[in-house]
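S.K.: Protein chains in written order, with the numbering used here: chain A, 3 to 222; chain B, 3 to 222.
Shown below is the structure under consideration.
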DNA sequence: TGCTGATAACCCGCCGGTCAGTTATAAGAC
DNA sequence: GTCTTATAACTGACCGGCGGGTTATCAGCA
């Protein structure tokens, strides 16, 4: 990651790049050891600074984790918006695409780290959960709900509760990642998230029940 | 030591009950404020003790959380074992029963608190995750897998990957509870976990797609 | 010479853990 | 009963380190 050269220029960059470097270092350490166990001094060292310098850019340790989550939210929300927006006809291909996109993104340790952080620290910092809900969930969930609702109205989908059905769509992926992350429980062949998605979409669209005119929804 | 009485109470004020009382108090506080933010003194006060007395029963703060999780695991594992064991024929009714049982149990704040604790503290105490995996997951998951596998072999279920399919079965319930717990996102009518299960089982068994031949335009 | 980014020693409140001392309980002795 | 004795159960003051946050000072640059 960081190369530590012996001839290190004392005053390197302009101050503009510093905050992001601090956040990068903090994210690494929060992933490794969690928020409470990470000292500000650790963050400073990894960012190539002294502890005091941290406080030139952030007023407190808590401000670091908030800025970290806030910074991560921007691209997530932006990505999600584009995909679903305008769509006519059968919503199933859209669902399949969204799932694959989601799976790909969650495969990145530095992406999955954010919801993990939010979850772990939510008791100490409720503001994190509010941010995450406002910026991500309140954008994505209603969109998926609307997608399901329209699919029902247009006769493509069975009569189900759109709100609850969103859980049936994304729940398995979340659980898959969570089990791998926390307990190290993965399929014999590794994470195999693509295979999970395929398996799940088959069940989701056509049901677990007996074979009857099954279809393949894998697009790759 | 001189012991002569067949009556068990050797010398007690309340020593026998103390460890459990301490664990109860600790669970309450861990739920409210998390492990790191809870002082041993807090636990002692709520249990009606002084801090020093805690260390008569537990060697360290970490031992408290371990004992807490361990105590919770016994009934969980025991419950799960009985349900699935011997079953012939269509596995779908068993799955439905298991799901409803799971949902009911997770509705209890003091039950759901345990996996939440494990998840939050897993970075600091990997032993928690190992315990949880060994005592709960490694018991339940293979059983569900075997259920699915037999269902396939006997022609009741579609050809799917049994391992991955377990995620499609329980994932939505986990996500439902997690969203409610962390972000306060619930259906308009409240948690409605029974309705979630019904909706999910419909999709799981029969698929999200409209029933064959009934792909109709909106029928009121 | 003055400004800025950065430092390292310092301060101090917090909390896990300890321990000498105190109190409650029970069993004999009478 | 009640006095004595033994000890389990418990207390609360204390310690030590740890880590978040501060500040006096410096080093480079124009």
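Ideal Cβ placement from N, Cα and C applies to all residues, glycine included.
1) Closest by CA to residue 201 of chain B, which one among A:106, A:68, A:52, A:162?
2) Residue 173 of chain B by DSSP, collapsed to three states: which one?
3) Taking only beta-carbon positions, decide if residue 6 of chain B is within less than 8 Å of chain A.
4) So is residue 50 of chain B in contact with chain A if we call contact Cβ pairs under 8 Å?
5) Can you give me the C-alpha to C-alpha distance between residue 46 of chain B and residue 77 of chain A, rounded to a whole angstrom?
6) Exposed or buried, residue 225 of chain A, counting other C-beta atoms within 10 Å across all chains shown (16 or more means buried)?
7) For the region 110–129 of chain B, enumerate the residues whose C-beta is nearer than 7 Å to any C-beta of chain A, in chain order.
8) Pairing CB atoms from the region 201–210 of chain A with CB atoms from the region 170–182 of chain B, are three or more of them under 8 Å?
9) So with CB distances below 9 Å, who are the chain A contacts of residue 192 of chain B?
10) Indicate whether at least one CB of chain A lies closer than 8 Å to the CB of residue 176 of chain B.
11) Counting pairs of Cβ atoms below 8 Å between the region 90–108 of chain A and the region 33–50 of chain A, do you hit three or more?
12) Pull up the distance between the alpha-carbon of residue 130 of chain A and that of residue 68 of chain A, whole angstroms please.
13) Which residues of chain A have a Cβ atom closer than 9 Å to the Cβ of residue 40 of chain B, listed in chain order?
14) Whose CA, out of B:92, B:91, B:37, lies closest to the CA of residue 65 of chain B?
15) In whole angstroms, give me the CA-to-CA distance for residue 153 of chain A and residue 98 of chain A.
16) Let me know if residue 136 of chain B comes out buried or exposed under the rule of 16 or more other beta-carbons within 10 Å of its beta-carbon.
17) Can you tell me whether residue 209 of chain B is buried or exposed, with buried defined as 16 or more other CB within 10 angstroms of its CB?
18) Jot down the residue ranges of each uninterrupted alpha helix (DSSP H) in the region 183–220 of chain B, minimum 4 residues, whole runs only, in chain order.
19) Of all Cβ atoms in chain B, is any one closer than 8 Å to the Cβ of residue 172 of chain A?
20) If I measure Cβ to Cβ from residue 178 of chain A and keep anything under 6 Å in the same chain, skipping five residues before and after, which residues do I get?
21) Mind listing which residues of the region 152–167 of chain A have their C-beta closer than 8 Å to chain B's C-betas, in chain order?
M.R.: With the structure as the only source:
1) A:162
2) Reduced to three states, the DSSP call for residue 173 of chain B is helix.
3) Any reading at residue 6 of chain B must be qualified, since the residue scores a pLDDT of 32, below 50, and its modelled position is unreliable; the value itself is stated next. Chain A contact via Cβ: absent.
4) It does not; no Cβ of chain A falls within 8 Å.
5) Cα to Cα, the separation comes out at about 46 Å.
6) Nothing can be reported for residue 225 of chain A: it is not among the residues displayed for chain A, which extend from 3 to 222.
7) Flagged, chain order: 121, 122, 124, 125, 126.
8) yes
9) Per Cβ cutoff of 9 Å: no residues; residue 192 of chain B is ~12 Å from chain A at best.
10) yes
11) no
12) 7 Å
13) Simply none; closest approach about 10 Å.
14) B:37
15) 14 Å
16) exposed
17) buried
18) 195–208
19) Taking Cβ atoms only, chain B reaches closer than 8 Å to residue 172 of chain A, which makes this a yes.
20) 198
21) 155, 156, 157, 158, 159, 160, 162, 163, 165, 166, 167
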